[in-house]
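Colleague:
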Amino acid sequence: MTEVTHMNLLQAVNNGLDTAMAADEKVICLGEDIGQFGGVFRATSNLKEKYGHLRCFNTPLTEQGIAGFAIGLAAQGCIAVAEIQFADYIFPAFDQIVNEAAKFRYRSGDEFNCGGLTIRAPYGGGIDGGLYHSQSPEAYFCHTPGLKVVIPSNAYQAKGLLLAAIRDPDPVIFFEPKAIYRASVGEVPNEDYELELGVAEVMQQGSDITLLGWGAQMIQIGKAAKLAAAEGISCEIIDLRTLLPWDRGTVVDSVNKTGRLLISHEAPLTGGFSGEIAATIQEHCFLNLEAPIARVTGLDTPFPLIQEKQYLPDYSKIYEAIKANLAY
Amino acid sequence: MTEVTHMNLLQAVNNGLDTAMAADEKVICLGEDIGQFGGVFRATSNLKEKYGHLRCFNTPLTEQGIAGFAIGLAAQGCIAVAEIQFADYIFPAFDQIVNEAAKFRYRSGDEFNCGGLTIRAPYGGGIDGGLYHSQSPEAYFCHTPGLKVVIPSNAYQAKGLLLAAIRDPDPVIFFEPKAIYRASVGEVPNEDYELELGVAEVMQQGSDITLLGWGAQMIQIGKAAKLAAAEGISCEIIDLRTLLPWDRGTVVDSVNKTGRLLISHEAPLTGGFSGEIAATIQEHCFLNLEAPIARVTGLDTPFPLIQEKQYLPDYSKIYEAIKANLAY
Amino acid sequence: MTVKSSQICAPIFIDGSALKISTLRLLNADGSLVDDLQAPDITEDMAGKIYSDMVYTRILDQRMLRAQRQGRLSFYLTCTGEEASVVGTAAAFSADDMIMGQYREQAALRCRGFTTEQFMHQLLSNASDLGKGRQMPIHYGSRELNFMTISSPLATQIPQAAGYAYGQKLAGNNACTLCYFGDGAASEGDFHAGLNMAAVLKSPVVFVARNNGYAISTPSAEQYAGDGIAPRGIGYGIKTIRVDGNDILAVYAAASEARAIAVKEQCPVLIETMSYRLGAHSTSDDPSGYRSHEEEEEWRQRDPINRMKNWLIKKNWWDESRDEQLQNKFHDEILHELKLAEKCPKPPLADIIDDVYKVPPEHLIEQLKSLQTHVAKYPDNYRTHGDGCQ
Amino acid sequence: MTVKSSQICAPIFIDGSALKISTLRLLNADGSLVDDLQAPDITEDMAGKIYSDMVYTRILDQRMLRAQRQGRLSFYLTCTGEEASVVGTAAAFSADDMIMGQYREQAALRCRGFTTEQFMHQLLSNASDLGKGRQMPIHYGSRELNFMTISSPLATQIPQAAGYAYGQKLAGNNACTLCYFGDGAASEGDFHAGLNMAAVLKSPVVFVARNNGYAISTPSAEQYAGDGIAPRGIGYGIKTIRVDGNDILAVYAAASEARAIAVKEQCPVLIETMSYRLGAHSTSDDPSGYRSHEEEEEWRQRDPINRMKNWLIKKNWWDESRDEQLQNKFHDEILHELKLAEKCPKPPLADIIDDVYKVPPEHLIEQLKSLQTHVAKYPDNYRTHGDGCQ
Ligand SMILES: Cc1ncc(C[n+]2csc(CCOP(=O)(O)OP(=O)(O)O)c2C)c(N)n1
Ligand SMILES: Cc1ncc(C[n+]2csc(CCOP(=O)(O)OP(=O)(O)O)c2C)c(N)n1
Ligand SMILES: [Mg+2]
Ligand SMILES: [Mg+2]
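Residue numbers (the working numbering), protein chains in the order written: chain A, 5 to 332; chain B, 5 to 332; chain C, 20 to 409; chain D, 20 to 409.
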């Protein structure tokens, strides 16, 4: 019998990092304030104490440097786990991630690779953070061949996906839904385990419509599905978990069954990853679709502060969109 | 009668810059090698001579600096036209563009703005450039509310859209299809004129299928449409011209008429802007679509060198996709 | 053939610590002048205004910190300990000069005349906030006062300041830009780009590196291995000075001279102010996890406000009873305005799509309309506190 | 109370040009030693190898430039004028040390043992190119030779080198990293990040700033306003030296010492080599638009290869006839290999999706399949030149 501990998503991240560092001394954690202090969210608590300042350390304040340094570490053979303090601050590292990490193996003909690289960053709204502590930049990275993009939605996933990401032979961007860092609590195995990347999780079976999302949106989707169920609407719920490469097969099968698809994410609508999914699914499920694929997302504005609630795609918006889709 | 000059796309860009600088002394051009040398493609030829080194100058080699400096210039009241030498090198400036320029007016409640900013960059394949002289990064910017994204496909558009972009009150990213810098030749009015941003151009009326694209792809689309016409297929061709905000109305009207849509771009498929367009059109034209929306794009790999031809979405691939779509 | 003086003929490396930069200091802790210097060039009025602005900032910070703990603000961040670095620099500039700050420079805004009411509206994200409630507390901005709206991404303002100042140079009106940043932000690539571009393109900008020893939890020993920020200025060919940031006279003297150089020579200047962040990084932080009380205490002894007060008293420009009066006045005013502001309405929903572009495009108008319909259907889900105010 | 020596009490700014860095030079143009120095610590074998690699690089460059003009290569870029800066540094390092270059360091690759055949396969994007024909000519790389594959985006290798060297430190095998970049690339934010991180985190990396006076058309006067790159090293607290980049003995001496420091003290070192890009930036460039023939001519007089040859001859380690022989040998070998390589096949189509990920995911396999079907249908549209070779 597997021993488990009740913990929240943040603790599961910490536990995943701890597990990875204990299992392999090549695993190195780096980032702003992650040493002594354990990170502004405390995702790296106690790691410096346990594994020493050479394996868990503060960096100077430079995201492009952190990414570049971590790529170099990974190219040398280390397993580099870099933290970007907020996903909003990943953009100074964009060139290193998109032009370098993503293309490292390809451009060298596999002479070199930086597959040992994982970049973690808390992302998303829900903490009164306004423009610069709330963004969901996943779509930018999903348009970048060579990267993998992973987003857990609960504590169990967080540890299992993080361990898989760290050990994956390709560079992985790992976004953590900070809104539910503490709110999402569950049983997490004490042992070392991995959840396969590239595989979506069907959270609930249903027959009338498929609801698809990732990260903190899974909670909103779950609530909306409950409201819908009360009206006799049976929702199938899919947590995508890995956005790049994404599990098309699972989504296609589901939509072929339900005939309807709703996708939800916090990022702005235009250019958000729901567009890619909708475009692919309309192609693969054209004859089975009974209504247009619906997208419930953030507005096409920067992330506001005082109107955060209004901006976010919440359960009531999803619920309304489900009803509209069924009434189509 | 308007006087015109026969010129290529590159000369039209140069002419547009010249026209803007002559008309308004607040217009400043800056970038790597754009002074004395006139830029590596010579888009800024003679501007330093004509307007002096204070208004047209080389910068140190730092794209993040160029973008930041140009944002500051624009905030101060200048009209800043910055060149990024290749679109592949715009990523070090990503934070300044996406976190700063795009959000400048919003975050300040309109106390400040950098609407005077235009960033020009040659983009796309076709010059044996491999990974780092061929990229089409437009989708990254189209997911960024606050920016406008403009791409001309011929000399006439280049001058008119560039002048509109420079004078537009919002920051504009202006990508120039370098593959056809010299190949695309046409009559360009000598006078000062602007083409409205946000408005697509219907290049050819048709009834069987709508073909949508931008930049150098318009040439491939045109060729494919000719081949199709020979088989009795009538293509409507739309050049999107402005990708953000894009002209949904024109596309919806066209697809409602033809019942079919094919979108083509050089950028990789996954997360490319065709996904957004397809997602939107399937929503708005659901009942009129006779086949899935087709996308003919670059592969989901970095841009290769030796297999560039195979990688690019060319006329034959578009032509095959047209036939497959009509046979659906 | 002989070796020219700029040549060496043995591979002797210059040590990383070769360039030690001295610190300008004029004022002792007891308010006496170092080495019995001449009184610096500062009028009683100016000294009074500077002191008053420093005291105001200290009280504003204390009061708002408490308000945040009481749950009345979502977030706050103090300037405590660095008031001299900020007021001493800002006071040396003209109202036409643009200020581009990092976030810990509310003292400069006060110095420009931002009112208590304006502070409160921003902190509470009210409809009257110039920033329309869009950014977190402390992200102030005012076109009227030439104070650029604060942006969270660090160091981005540095190349922007270089560009802004270049525009001022072209405009030819003898204005310049004052740009603040921290010892942490100085590690960002944008710092390098901004200082180098300003030097090469001759932008009249005065950079103030507020070296307060920490970037959140990261001490400067883990931020850089050189002698702080100042030597980098020399590397870029920028005139540079380091000052004791807790010494208001030194800061003001350096800043006055820096502004004069920037405007006269149309070039950048760098000032590094050596000080200490006496409080937590922000209300989200607890410094006890990464530094000692003793260290904090040591710096508390060098409080810049006390030091200036001692000097003012020595000069007979000030006394303790006026000091108490002033503090009480600020205290009452701030509390009063806070209460008023708490009763003010929040920005209207329609604001949410404004200013993304100068004119909202069609798709945003549509998104707003459907949002409004939805909110009207679920009003309880979207209530914002605070309604009705004069 | 007196002022401590590190204090000043008048606002005197340190001038941007305060820190002037001297240049190490050992060898005069005629091959004599500066100031009749002792002979530097270099064996005849090592000197011969260095000289041979410099000459090889010069001839390779001349030959490939011509091949490009003949349309046999799509692009080329020479090291001409900077051979001493590159070979003199690379030769001082061990085969275990990683080299991370910018793109003008083919001489370092030669020094490591890259064969003419390997050069040709990369330049012609052949199936035998270690990089599988994916990058433009001159983007070499070899795991076996510890030479990191070149990447076009400038300066990105600098923080990567800091990280790579940190990994070497942890591995504890006394290897270090040699990282090259140009005077232009040193303006990128990544330069700042990389040098500062290496200094703070104590990475054993030797940075070589190849200051050749230009970044494409931009002269260094428009690149920086300070005294080059070296003073920046001091700003980061990094041991730094500037050398005459056309003086092979100075470069080699500095590099040997730099490597010793980096490995022994486990810290970064910065070398700035002052030289000149004698040719165009690349085959896409024409320098006549931005600099004078006189300037070029002046630098041609300081050719590093000639200077070394004069020294070798003075030492009786070399003579003109051996020189001619060597040149002819290289010339013939290169021409021969070029011809052979021109007959080699290009990489197969299936390669196009390899190495995006370690294992191609399903969507890429699908994309490849449909591409293969399409190409089979339109073979004429997708022919690549070159087929059949042993
Ligand atoms: C680009 C970016 N990265 C990270 C952060 C998160 N962050 C906010 S303040 C801060 C420390 C800044 O330190 P410093 O520049 O020394 O200023 P101080 O707070 O000491 O005044 C950090 C890391 C940010 N705001 N922007
Ligand atoms: C990020 C980036 N920006 C621009 C370019 C285009 N570019 C290629 S080489 C070059 C000049 C580099 O000059 P320098 O670093 O001095 O090296 P040198 O060519 O003189 O050896 C430029 C601007 C690039 N490759 N990468
Ligand atoms: Mg600080
Ligand atoms: Mg150079």
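The beta-carbon is built from N, C-alpha and C at its ideal position, and this holds for glycine as well.
Keep in mind that this is a model prediction, so the values were computed, not measured.
Return the CA-CA distance between D:Ser161 and A:Gln68, expressed in angstroms with no decimal places.
Modeller: Between D:Ser161 and A:Gln68, the C-alpha separation is close to 26 Å.
Colleague: Check the Cβ of B:Asp28 against every Cβ in chain C and list those closer than 8 Å, keeping chain order.
Modeller: Chain C residues near B:Asp28: none, gap ~13 Å exceeds 8 Å.
Colleague: Which residues bound the alpha helix (DSSP H) around B:Ser278?
Modeller: Unbroken alpha helix (DSSP H) run through B:Ser278: 277-288.
Colleague: Starting from B:His269, follow the beta strand (DSSP E) in both directions and report where the run begins and ends.
Modeller: Looking at the DSSP string, the run of the beta strand (DSSP E) that includes B:His269 is 265-272.
Colleague: Please confirm whether A:Leu121 and A:Ala91 have their CB atoms less than 8 Å apart.
Modeller: Going by C-beta atoms, A:Leu121 is not nearer than 8 Å to A:Ala91.
Colleague: Can you find the residues in the same chain that come closer than 6 Å, C-beta to C-beta, to C:Glu284, ignoring five residues on each side of it along the sequence?
Modeller: Here the set comprises nothing.
Colleague: Given a cut-off of 8 Å on the beta-carbon distance, is the pair D:Ile253 and C:Lys258 in contact?
Modeller: Not closer than 8 Å, so no.
Colleague: Is C:Asn231 near ligand 3 - that is, is its Cβ less than 7 Å away from at least one heavy atom of it?
Modeller: Yes, ligand 3 has a heavy atom inside 7 Å of this Cβ.
Colleague: Where DSSP assigns a beta bridge to C:Ala369, which residues make up the other side?
Modeller: According to DSSP, C:Ala369 bridges with nothing at all.
Colleague: Let me know the secondary structure DSSP gives C:Ala114 once reduced to three states.
Modeller: C:Ala114: coil per DSSP, three-state reduction.
Colleague: Does the pairing of the stretch 219-227 of chain A with the stretch 274-286 of chain A give three or more beta-carbon distances under 8 Å?
Modeller: Too few Cβ pairs lie closer than 8 Å, so no.
Colleague: Could you tell me which uninterrupted beta strand (DSSP E) segments, each at least 3 residues in length, are contained entirely in the stretch 248-293 of chain D, listed from first to last along the chain?
Modeller: Here the runs fully enclosed are 258-263, 288-293.
Colleague: Please determine if the stretch 137-149 of chain C and the stretch 188-202 of chain C are in contact, where contact requires at least 3 C-beta pairs separated by less than 8 Å.
Modeller: No, they do not touch.
Colleague: Would you please verify whether the beta carbon of C:Gln154 is less than 8 Å from any beta carbon of chain D?
Modeller: So, not an interface residue.
Colleague: For D:Glu343, which option in D:Val74, D:Lys68, D:Glu124 has the closest C-alpha, if you only look at C-alpha atoms?
Modeller: It is D:Val74 whose Cα lies nearest to the Cα of D:Glu343.
Colleague: Less than 8 Å separating the beta-carbons of A:Glu87 and A:Gly35?
Modeller: Contact: yes.
Colleague: Indicate whether at least one CB of chain A lies closer than 8 Å to the CB of C:Ile353.
Modeller: Closer than 8 Å: no.
Colleague: So, at 6 Å on beta carbons, what are the nonlocal neighbours of B:Asp174 in its own chain, with the 5 sequence-adjacent residues on each side left out?
Modeller: Correct list, in chain order: Gly119, Lys152.
Colleague: Report all residues from its chain with a CB closer than 6 Å to the CB of C:Tyr397; omit the five preceding and five following residues, and keep chain order.
Modeller: Same-chain partners within the cutoff: there are none.
Colleague: Between B:Glu324 and B:Gln286, what straight-line distance do the alpha-carbon atoms span, to the nearest angstrom?
Modeller: Their backbone Cα atoms lie some 22 Å apart in a straight line.
Colleague: My output table needs one value for D:Gln409: the three-state DSSP class, helix, strand or coil.
Modeller: Since pLDDT at D:Gln409 reaches only 34, below the 50 mark, its modelled position is unreliable, and no value is offered.
Colleague: Using a 10 Å radius around the Cβ and a threshold of 16 neighbouring Cβ atoms, would you call B:Ile94 buried or exposed?
Modeller: Classification of B:Ile94: buried, given that the 10 Å Cβ count is 16 or more.
Colleague: Would you verify that the beta carbon of B:Glu287 is, or is not, closer than 8 Å to some beta carbon of chain D?
Modeller: False, the Cβ-Cβ gap to chain D never drops below 8 Å.
Colleague: Can you tell which of A:Ser140, A:Glu235, A:Cys82, A:Tyr144 has the C-alpha that lies nearest to the C-alpha of A:Ala331?
Modeller: It is A:Glu235 whose Cα lies nearest to the Cα of A:Ala331.
Colleague: On a Cα-Cα basis, can you pick out the residue from B:Gly76, B:Ile281, B:Glu312 that is closest to B:Pro249?
Modeller: When only C-alpha atoms are compared, the closest one is B:Ile281.
Colleague: Report the partner residues of B:Phe179 according to the DSSP bridge assignment.
Modeller: Beta-bridge pairing links B:Phe179 to B:Ala125.
Colleague: Anything in the stretch 376-402 of chain D with a Cβ closer than 9 Å to a Cβ of chain A? List those residues in chain order, please.
Modeller: Within the stretch 376-402 of chain D, the qualifying residues are Tyr376, Lys377, Val378, Pro380, Glu381, His382, Leu383.
Colleague: Span of the beta strand (DSSP E) holding A:Gly190?
Modeller: A:Gly190 -> beta strand (DSSP E) spans 189-193.
Colleague: Quick check for students: name the residue ranges of the alpha helix (DSSP H) that lie wholly in the stretch 103-149 of chain D, counting only runs of 4 or more.
Modeller: Here the runs fully enclosed are 125-131, 135-142.
Colleague: In angstroms, rounded to a whole number, what distance separates the CA positions of C:His211 and B:Cys146?
Modeller: Cα to Cα, C:His211 sits roughly 29 Å from B:Cys146.
Colleague: Can you tell me where the alpha helix (DSSP H) with C:Cys363 in it begins and where it stops?
Modeller: From DSSP, C:Cys363 is part of no alpha helix (DSSP H); its letter is neither H nor E.
Colleague: Using three-state DSSP, classify C:Ile27 as helix, strand or coil.
Modeller: DSSP places C:Ile27 in strand when its eight states are reduced to three.
Colleague: Between the C-alpha atoms of A:Gln221 and A:His269, what's the straight-line distance to the nearest angstrom?
Modeller: The alpha-carbon atoms of A:Gln221 and A:His269 are separated by roughly 6 Å.
Colleague: Check the Cβ-Cβ distances between D:Lys365 and every residue of chain B, and say whether any is below 8 Å.
Modeller: Yes, D:Lys365 counts as interfacial toward chain B.
Colleague: May I ask which residues mark the beginning and end of the alpha helix (DSSP H) holding C:Thr76?
Modeller: Looking at the DSSP string, the run of the alpha helix (DSSP H) that includes C:Thr76 is 63-88.
Colleague: Are the C-beta atoms of B:Ile123 and some chain A residue less than 8 Å apart?
Modeller: No, no contact with chain A.
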